[in-house]
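Each protein sequence line maps, in turn, to chains Z and R.
Under the working numbering, the residues of the first sequence are numbered 31 to 378, in order.
Under the working numbering, the residues of the second sequence are numbered 31 to 378, in order.
Every residue gets a Cβ at the ideal spot worked out from N, C-alpha and C, and that includes glycine.
There are 2 protein chains.
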Amino acid sequence: MVTIREVAKESGFSSTTVSIVLNNAPLSRYIPETTKKKIERAAKKLGYRPNLFARTLRNQRTHTVGVMVFDMTDPYCTPILRGIENTLYQASFLPILTDVHNERSRFERYLEMLLDRKVEALIIVANWLFVDIDVLGDLEKNNVPTAMIGREPHTRSIGSVMVDNEQGTQMAIQHLFALGHRQIAFLRGPKHITDTAPRWKGVQDFAKKNGLEIDRKLVLDLPESRDPLSPFDAGYKLTMELLETKRPFSALMAFDDMTAFGAIRALTRAGIKVPEQCSVVGFDDIAHSRYLTPGLTTVRQPMPEMGAMAVSLVSEGISAVQEKRKITLNHRKLSPELIVRESTAAVV
Amino acid sequence: MVTIREVAKESGFSSTTVSIVLNNAPLSRYIPETTKKKIERAAKKLGYRPNLFARTLRNQRTHTVGVMVFDMTDPYCTPILRGIENTLYQASFLPILTDVHNERSRFERYLEMLLDRKVEALIIVANWLFVDIDVLGDLEKNNVPTAMIGREPHTRSIGSVMVDNEQGTQMAIQHLFALGHRQIAFLRGPKHITDTAPRWKGVQDFAKKNGLEIDRKLVLDLPESRDPLSPFDAGYKLTMELLETKRPFSALMAFDDMTAFGAIRALTRAGIKVPEQCSVVGFDDIAHSRYLTPGLTTVRQPMPEMGAMAVSLVSEGISAVQEKRKITLNHRKLSPELIVRESTAAVV
DNA sequence: TGCAGGTATTAAAACGTTTTACATTCCTGA
DNA sequence: TCAGGAATGTAAAACGTTTTAATACCTGCA
């Protein structure tokens, strides 16, 4: 490995000057062009690459951001990660991605690793979060700017990016309503998931405002589970139960896309055609949803944008730390978008 | 931040001794238990965490492995990444994941970043690889143990993990054949994908051996593309073309699962029921395949195992580097597994 | 003439480890 | 009594940067 001293020797200047020139430091203002040229030539000739560890040791900067995701296999998070990666890349930051497997111990271990590696910020993709909240409380102590995606933190010192869940379900039910559906079944999310309540609130608000009657017998809840793919099986099972009650419904609104997939399978098995005999709508718009036949009508979360937004929140925090200002992080709520595909149709 | 010197002061020993004890270095053999206890207590009391950058600067080890994936949004790679992550975690290594977006410039940039950060090994998930081979040739120069998943490297110095493509398609066509299918349509992969040739060879070998006649008019090729999700649209389009020729077929074998999804949509649109009127089989067994209705019969690549295998290959390389032995990396071919779901049925 | 201030450059300290080489004491066997 | 090894510990160098503080020269101005 070629060091700065070798570049110094080669160029005939001291390593101080080399450092100043190569980093374009403030002092380089006083260094004449000819000197700069010589140094740059020498550096290039030797193929000099500064040792990042020495550099970090000295000036404390790592140009890395820790990213913790609760479950990588959840298709919901891939586009978010893309958004994060893409935005960080522009800023020459390197994301360090860890997958917590929804386990407390892994969360703690990885958090430790990231802090040891002195990430300059932390982004937490809290999809399908099972870990208790107090773990997240620990985050406050470390004065690393932190943002959470998909969950409202209970503390002010952590930024957050959320989709507007209420608005999302309102759009979905509005769509079903407009298609003439009045007997609608609902598969609500598990109680421990924070998205569950606001999504249901959106439905209720719409129902109240538009005189839509909700049959409580057609409302079922997904069971708790730490597996983000489990809603498929649960959706299948609950839909089967729903069918057994013989209570008629012409549309079904699922907590998320995976639940919708399960529901579709159950309906199909029961000989009920989607969307001809029953419309189905999901939430999230994960990648699968487009490729399913029929394509799933769903509420899209702007996942890449959410990732990008989280980066921009923590960037602000990083600047604050640099300038020794106090860090304050904002909370953002992004609007979803209704994606109409083939799984919904007008009531016959 | 508390340094080793503060621990030294607190415990009453020199930082040398503290270092020896805390690292359990060979010399610690001579340090009496009482001393060790005192030092450990002091370290714990102060909450000492060694500065990894200082440590790396000194002893050159980073305990990180670079992982480069060509396209994160490809559902094929998520389980592989899980396998990699999980295995590295056991060994207290931290993966540093980069997404190359199938762009040459990003590949080079990220490679540079990873090398600057002195990753101790490199794992490349070469799914849906578009980047030219010579870029990969560059990898040889850096004497970092490297393994590739999903593609045979042209050089001996890089390890590789592949699925046995030939065996996979043989299993698939054997399955269709056993169900009585004789008129089978094929959607082959794009020519620039390395998997394409061996998969087709598996089909041909089986056909020859079992007297199955392949109608060349029923064999179409996917176009080239750098998007791993594009086969959906291509599969749809090609299947439509196939149907227009009016040439009968009772089964369709797709290059991969995405292609199969596209084919299923086309068939469904054309009023042809899967599997009653036409069986469809895919390749890969990405997560979607289970959740589609009907569930897709496909050839499963053992993705988590492939990831784990790649880690074990480079681990060997890391050991070699440590002991200053010459690094040699192996090539492994793993067996796929036929997953029979609902998209295939006996010919009527 | 003296001095203020800009320009050009560098020596040396500092960042926090690990490791080499050495120092001291204590024991053991001759 | 002494040589030499084992046990216990440390001073100092080294890893490769960045930055502070300093030096030296020049120019222009009072």
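Using three-state DSSP, classify residue i as helix, strand or coil.
i, result
"residue 49(R)", "helix"
"residue 112(Z)", "helix"
"residue 104(Z)", "coil"
"residue 209(R)", "coil"
"residue 273(Z)", "helix"
"residue 282(R)", "strand"
"residue 135(R)", "helix"
"residue 240(Z)", "helix"
"residue 172(R)", "coil"
"residue 83(R)", "helix"
"residue 375(Z)", "coil"
"residue 232(Z)", "helix"
"residue 43(Z)", "coil"
"residue 33(Z)", "coil"
Cα separation between residue i and residue j?
i, j, result
"residue 283(R)", "residue 135(Z)", "44 Å"
"residue 269(Z)", "residue 350(R)", "56 Å"
"residue 261(Z)", "residue 253(Z)", "9 Å"
"residue 84(Z)", "residue 318(Z)", "45 Å"
"residue 203(Z)", "residue 332(Z)", "19 Å"
"residue 180(Z)", "residue 154(Z)", "9 Å"
"residue 369(Z)", "residue 353(R)", "57 Å"
"residue 122(Z)", "residue 139(R)", "10 Å"
"residue 301(Z)", "residue 299(R)", "18 Å"
"residue 235(R)", "residue 308(R)", "23 Å"
"residue 286(R)", "residue 251(Z)", "36 Å"
"residue 156(Z)", "residue 114(Z)", "14 Å"
"residue 87(Z)", "residue 31(R)", "13 Å"
"residue 358(Z)", "residue 170(Z)", "12 Å"
"residue 158(R)", "residue 256(R)", "7 Å"
"residue 374(Z)", "residue 323(R)", "16 Å"
"residue 230(Z)", "residue 137(Z)", "30 Å"
"residue 67(Z)", "residue 74(Z)", "10 Å"
"residue 82(Z)", "residue 226(R)", "42 Å"
"residue 259(Z)", "residue 62(R)", "53 Å"
"residue 210(Z)", "residue 376(Z)", "6 Å"
"residue 330(Z)", "residue 50(Z)", "49 Å"
"residue 150(R)", "residue 366(R)", "30 Å"
"residue 272(Z)", "residue 214(Z)", "11 Å"
Contact criterion: CB-CB distance below 8 Å. Does residue i meet it with respect to chain R?
i, result
"residue 322(Z)", "yes"
"residue 115(Z)", "yes"
"residue 156(Z)", "no"
"residue 151(Z)", "no"
"residue 33(Z)", "no"
"residue 143(Z)", "yes"
"residue 129(Z)", "yes"
"residue 279(Z)", "no"
"residue 112(Z)", "yes"
According to DSSP, residue i sits in a beta bridge with which residue or residues?
i, result
"residue 218(R)", "251(R)"
"residue 245(R)", "Partner(s): none; residue 245(R) has no beta bridge."
"residue 117(Z)", "Paired residues: none, contrary to the question."
"residue 455(Z)", "Because residue 455(Z) is not part of the residues shown, which for chain Z are 31 to 378, the question remains open."
"residue 155(Z)", "99(Z), 179(Z)"
"residue 126(Z)", "96(Z)"
Is the shortest distance between the beta-carbon of residue i and the beta-carbons of chain Z less than 8 Å?
i, result
"residue 318(R)", "yes"
"residue 168(R)", "no"
"residue 103(R)", "yes"
"residue 109(R)", "yes"
"residue 348(R)", "no"
"residue 87(R)", "yes"
"residue 146(R)", "yes"
"residue 121(R)", "no"
"residue 64(R)", "no"
"residue 295(R)", "yes"
"residue 244(R)", "no"
"residue 194(R)", "no"
"residue 84(R)", "yes"
"residue 333(R)", "no"
"residue 124(R)", "yes"
Sequence ranges, beta strand (DSSP E) only - wholly within the region 287-373 of chain Z, length at least 3: 309-314, 327-330, 361-364, 367-369
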